[in-house]
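Residue numbering for the sequence shown follows this note's numbering, starting at -5 and increasing by one per position.
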Amino acid sequence: MRVDLFDFDLPDERIALRPAEPRDSARLLVVDPNAESALSDHHVYDLPSFLRAGDALVFNDTKVIPAHLEGIRHRDGAGGQQVSATLHMRIGPSRWKAFAKPGKRIKEGDRIAFGHSGESCFLGSLDATVEEKGEAGEVTLAFDLSGPALDEAIAAVGHIPLPPYIAAKRPEDERDRADYQTIYAREEGAVAAPTAGLHFTPDLFAALDKAGIERHFVTLHVGAGTFLPVKADDTDDHKMHLESGYVSAEVAARLNAVKASGGRIVCVGTTSLRLIESAAGESGEIKPWAGATGIFITPGYRFKAVDMLMTNFHLPRSTLFMLVSAFSGFETMHAAYEHAISTGYRFYSYGDASLLFRKDK
-5 MRVDLFDFDL
5 PDERIALRPA
15 EPRDSARLLV
25 VDPNAESALS
35 DHHVYDLPSF
45 LRAGDALVFN
55 DTKVIPAHLE
65 GIRHRDGAGG
75 QQVSATLHMR
85 IGPSRWKAFA
95 KPGKRIKEGD
105 RIAFGHSGES
115 CFLGSLDATV
125 EEKGEAGEVT
135 LAFDLSGPAL
145 DEAIAAVGHI
155 PLPPYIAAKR
165 PEDERDRADY
175 QTIYAREEGA
185 VAAPTAGLHF
195 TPDLFAALDK
205 AGIERHFVTL
215 HVGAGTFLPV
225 KADDTDDHKM
235 HLESGYVSAE
245 VAARLNAVKA
255 SGGRIVCVGT
265 TSLRLIESAA
275 GESGEIKPWA
285 GATGIFITPG
295 YRFKAVDMLM
305 TNFHLPRSTL
315 FMLVSAFSGF
325 ETMHAAYEHA
335 ISTGYRFYSY
345 GDASLLFRKD
355 K
């Protein structure tokens, strides 16, 4: 499909720079393409009223790490240039793939001393070699440290990698360390939050428990590639960046039992949905799964397992807007976004949410 079909105009003031307080007070646009009235306005704390006892919510329990690093590049023993890198996928105990800036000036073999900048003193010890250079500023970094020691150094030196549409308007601060993390985050490795999950609070969990809604956790480590624009003119020419994750045998069995008993699988976030659909067979059975997924969902995709999706509002021309258009229908989602913009919904990572029903075929 043509990528420009997924474009829309978003006023700058619709981009949320901070989350709602409390988190579950954010607005919730319910989109049911199978109903006579497809759109209705609510709040996240109303979520239990749209679910039934026996349904299962699927959360991504990945934990955001401070993956944005600032440093000084050295070459041939000479002092060098200030650079930055955003880690996006771990590929070994001491190696990460990252997006580096300025990417064109970085070469294989360069040494980068992170924890330095042109105006700051030494903050910590975290040195790496550029092992490989890819496309669009992507590099493979081989760090001098490994395993837990590397994790500790990244935590000491790194910054929370706020999405570019927020970082362009304000710097990251200490509040983001809490705001840009779900309350159930557990498995370290993401460089972007599974943002639909940011809306959940202990009170909302209690209400869902009371309503008989099951709660299950999978892990997909969200990469910085989620923020990259689709530069191709046609979706067939776009290549997704890989993200690693897993679905345990226990969770797979439980979700299959939910489906067998007539319950619905409700994914919280596109990351959970992409992982469950990667793990599902053609029959809809969910299998234990571990690895890297580059699943790219566009209109015409046949969903195998997921019945409902809770998600935030996404960027124009993005793979995620394509995904929700596949889930609830191209025309329905364009109408939903027009409604959201005209009625003041807040967009993107710290913004409001939508609850989508899957379009009947």
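Here a beta-carbon is modelled for each residue, glycine too, at the ideal position from N, C-alpha and C.
Mark Lys225 as exposed unless 16 or more other C-beta atoms lie within 10 angstroms of its C-beta, in which case mark it buried.
Exposed: under 16 other Cβ atoms inside 10 Å.
For Tyr240 and chain B, any beta-carbon pair shorter than 8 Å?
Of the chains in the structure shown, none is chain B; there is only one protein chain.
Name the DSSP beta bridge partners of Asn54, please?
Asn54 pairs with Val212.
What is the DSSP secondary structure of Leu306, counted as helix, strand or coil?
The sequence given here has Asn at residue 306, not Leu. Residue state, collapsed to three classes: strand.
Taking 6 Å as the limit between beta carbons, can you name the residues of its chain near Ser343, skipping five residues before and five after?
Same-chain partners within the cutoff: Pro157, Thr189.
Tyr342 by DSSP, collapsed to three states: which one?
DSSP places Tyr342 in coil when its eight states are reduced to three.
Quick check: what's the CA-CA separation for Glu237 versus Asn54?
Near 13 Å, if we compare the C-alpha coordinates of Asn54 and Glu237.
Phe0: buried (16+ other C-beta within 10 angstroms of its C-beta) or exposed?
Classification for Phe0: buried.
Around the Cβ of Ser348, are there at least 16 other Cβ atoms within 10 angstroms (buried) or fewer (exposed)?
That one is buried.
Beta carbon of Gly183, beta carbon of Thr305: below 8 Å?
No. Outside cutoff.
If you follow the beta strand (DSSP E) that Ile148 is part of, which residue opens it and which one closes it?
It is not in any beta strand (DSSP E) - Ile148 instead sits in the alpha helix (DSSP H) that spans 141 to 151.
Per DSSP, cross-strand counterpart(s) of Ile259
Per the DSSP secondary-structure output, Ile259 pairs in a beta bridge with Ala50.
Of the residues Gly217, Thr264, Gly257, Ile270, which one's Cα is nearest the Cα of Ala243?
Of the candidates Gly217, Thr264, Gly257, Ile270, Ile270 places its Cα closest to the Cα of Ala243.
Please report the distance separating the alpha-carbon of Gly74 from that of Asp231.
Between the alpha carbons of Gly74 and Asp231 lies a distance of about 37 Å.
Skipping 5 residues on each side, what residues in its chain have a beta carbon closer than 7 Å to that of Gly112?
Its pLDDT being 44, under 50, Gly112 is placed unreliably in this model, and the coordinates cannot settle the point.
Alpha helix (DSSP H) containing Ser322: first to last residue?
For Ser322, the enclosing alpha helix (DSSP H) has its first and last residue at 313 to 322.
In whole angstroms, what separates the C-alpha of Ala273 from that of His68?
Cα-Cα distance, rounded: 43 Å.
Residue burial classification, Lys91 (beta-carbon count within 10 angstroms, cutoff 16)
Result: buried.
May I ask which residues mark the beginning and end of the alpha helix (DSSP H) holding Phe199?
For Phe199, the enclosing alpha helix (DSSP H) has its first and last residue at 196 to 204.
Which class does Asp3 belong to by DSSP, given the choice of helix, strand or coil?
Under the three-state reduction of DSSP output, Asp3 falls in the coil class, being neither helix nor strand.
Alpha carbon to alpha carbon, what distance is there between Ile59 and Ile106?
For Ile106 and Ile59, the gap between their C-alpha atoms comes out near 20 Å.
Span separating the alpha-carbon of Ser114 from that of Asp35:
Residue placement at Ser114 is poorly supported in this model, since its pLDDT is 41, which falls under 50; the coordinates still yield a value, given next. One Cα belongs to Ser114, the other to Asp35, and the distance between them is close to 48 Å.
DSSP state of Val193 mapped onto helix, strand, coil
Rather than Val, the amino acid found at residue 193 in this sequence is His. Correct three-state label for His193: helix.
Going by beta-carbon coordinates alone, are Thr134 and Glu146 separated by less than 8 Å?
Cβ distance not < 8 Å, so Thr134 and Glu146 don't count as in contact.
Nearest-angstrom Cα separation, counted from Thr265 out to Ala127
According to the sequence provided, residue 127 is Lys. The question's Ala does not apply to it. Here the alpha carbons of Thr265 and Lys127 stand approximately 27 Å from one another.
Within the chosen definition, does the stretch 137 to 144 reach the stretch 85 to 102 through at least 3 CB pairs nearer than 8 Å?
The answer is yes - the stretch 85 to 102 touches the stretch 137 to 144, with three or more Cβ pairs under 8 Å.
Can you tell me where the beta strand (DSSP E) with Lys95 in it begins and where it stops?
Here the beta strand (DSSP E) through Lys95 covers 89 to 95.
Are the CB atoms of Pro5 and Ile335 nearer to each other than 8 Å?
For Pro5 and Ile335, yes; Cβs fall inside 8 Å.
Under 8 Å between C-beta atoms of Asp203 and Ile259
Not a contact, by the Cβ cut-off of 8 Å.
Residue nearest to Asp197 in terms of C-alpha spacing, selected from Gly109, Ser255, Val212, Arg17:
From the listed residues Gly109, Ser255, Val212, Arg17, the smallest Cα separation to Asp197 is found for Arg17.
For Ile66, which beta-bridge partners are listed by DSSP?
According to DSSP, Ile66 shares a beta bridge with Gln76, Ala107.
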